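This report refers to the structure that appears directly beneath it.
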Amino acid sequence: MQASQRYFYKFTGLHSILIGLLPFFLPVILVQKGASLSQVALFVGVSGLGFILTLLLWDKIRQHGHWRVLIIGSFVLELMLVLAIVLLQGIKDQYVWLFLLALLNGAYNCFYWSTQRLMFSGMTTSSNSGDKFGNFQILVVILLKIGILIGALLIESKGQMAMFWLSLCLTAVAIWMFIKASPPRAVQASLLEKRISITDILSFKDNNSSKFVFIIDGVFLYLESYFWVVTLFYVTEQNVFQLGILIVSLTLVLALIFYVIKSRIDSFNVHTIYLLACVLYALSWLLRGQVNTEMDTVWLYTIITVIGFLTTFFRLAFNKRFFDVASIENTHQYILCKSYYSQAALAVFFIALSFLLINGQENQVILQNLYWLVSPVALMYLAYRYVMPKQFARQGSWG
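In the numbering used here, the protein residues as written are 892 to 1290.
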């Protein structure tokens, strides 16, 4: 394994465990604290604003070549998020707690995801991006779920403060590891790229409908990672440990399936795979709309497993396309524009949704209706094109 890959997997692996310990349970913690779906939506929207504001700082640090600051900053912000989850729950004003936690959540997501994408893009080409992302996805799935299982056990038995102390120990180990390590060559060139201005962001346009897809992707990512997790929490009778067991059980099935798929996706027709993945992803949202606590247990867990497969398959195909397109664009600008447009879209969408849901009564019914409504919207991912510039076509860069 190349040095850049080892560096990337260490970074991603440690973060995956830390996310699983407590940040993964953020939507559940919000619900346990009494937050309505309207407030959960508001939390997501403000997180998007926090991400955008922090991205300006992140890009300035990157431009000055302070790679270790980006790496260490991501771990420090994650630890601060865990501490804030534990301490801010003592604040009586629900909205103050939501806003402070959401802004910090956005800042952490910015440092982690922006740094991770920069590292990943530096070690992939169009001929191996699917396999590389498959490896990455399997690693994340396994380590994230290990963290989730440990987190679920400790939250139920020892409380959230135990999560902070464990996170502190892991963060200290991570910082010690990366203080000593030099940035891989694959990302050193990106440190020399100029900062992306607001003008660059607003004027961004390509032949792949990237801007449009960036906008819808931000919304769907958070519907997956927040609202769907809330649904699973209801399905497991609002028991954190049962939720952890459910997620880990799904991991074993999905990891096995994707070990087979990820090594073959680069050799398939990329257009056919992407078309299939988008259609199945839309189907996954229809299936989400069927999930409720009154279903037969066997049928319920079968549907949840199918949803997990369809979603992960789509993410594999989508991210292959994203990094393939990024490799023929100005990669740094492309990655940052993805973040700006996705986060701005989710901020607008979820803040607006929070107002629409203020008078909502039955959370599970609202979630089901929401999933049915977004199912046809998921087909808009088909707009993401795969147009290569003439110079790349002559070179045969797409394999």
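All C-beta atoms, glycine included, are put in the ideal place defined by N, C-alpha and C.
Predicted model, so just to flag it, every value in this text is computed and none were measured.
Check	Outcome
What is the DSSP secondary structure of residue 904, reduced to helix, strand or coil?	helix
Counting pairs of beta carbons, one from the region 904 to 915 and one from the region 1053 to 1064, are three or more of them closer than 8 Å?	yes
Roughly how many angstroms separate the alpha carbons of residue 965 and residue 952, rounded to a whole number?	12 Å
Please identify the residue among 1135, 1066, 1112, 985 whose C-alpha is closest to the C-alpha of residue 905.	1066
Report the three-state DSSP secondary structure of residue 1182 (helix, strand or coil).	coil
Can at least three beta-carbon pairs, one atom from the region 940 to 960 and one from the region 1039 to 1056, be found at a separation below 8 Å?	no
Mapping the DSSP letters down to three states, classify residue 926 as helix, strand or coil.	coil
Could you compute how far the alpha carbon of residue 847 sits from the alpha carbon of residue 1038?	Here the chain covers residues 892 to 1290 and nothing more, so residue 847 does not appear.
Could you tell me the boundaries of the alpha helix (DSSP H) in which residue 955 lies?	Premise fails: residue 955 is in no alpha helix (DSSP H) and is neither H nor E.
Contact between the region 929 to 936 and the region 1234 to 1244: three or more CB pairs below 8 Å?	yes
For residue 1254, report the span of its alpha helix (DSSP H) as first-last.	1254 to 1265
Tell me whether residue 1223 is buried or exposed, calling it buried when 16 or more other Cβ atoms sit within 10 Å of its Cβ.	buried
Should residue 1168 and residue 1214 be called a contact, given that it needs their Cβ atoms to be closer than 8 Å?	no
Please name the residue in 1133, 1070, 1114 whose C-alpha comes closest to that of residue 1180.	1114
What span of residues does the alpha helix (DSSP H) with residue 1122 cover, start to end?	1119 to 1126
With a cut-off of 8 Å, do at least 3 Cβ pairs link the region 962 to 977 to the region 922 to 933?	no
Please state whether the Cβ-Cβ distance between residue 1117 and residue 914 is less than 8 Å.	no
Please state the DSSP three-state secondary structure of residue 1071.	helix
Looking only at its own chain, which residues have a Cβ that is under 7 Å from the Cβ of residue 1319, when we skip the five neighbours before and after it?	Because the chain is modelled from 892 through 1290, residue 1319 falls outside the range shown and cannot be assessed.
Where does the unbroken alpha helix (DSSP H) through residue 1000 begin, and where does it stop?	985 to 1012
Compute the Euclidean distance between the alpha carbons of residue 1034 and residue 903, then round it to the nearest angstrom.	9 Å
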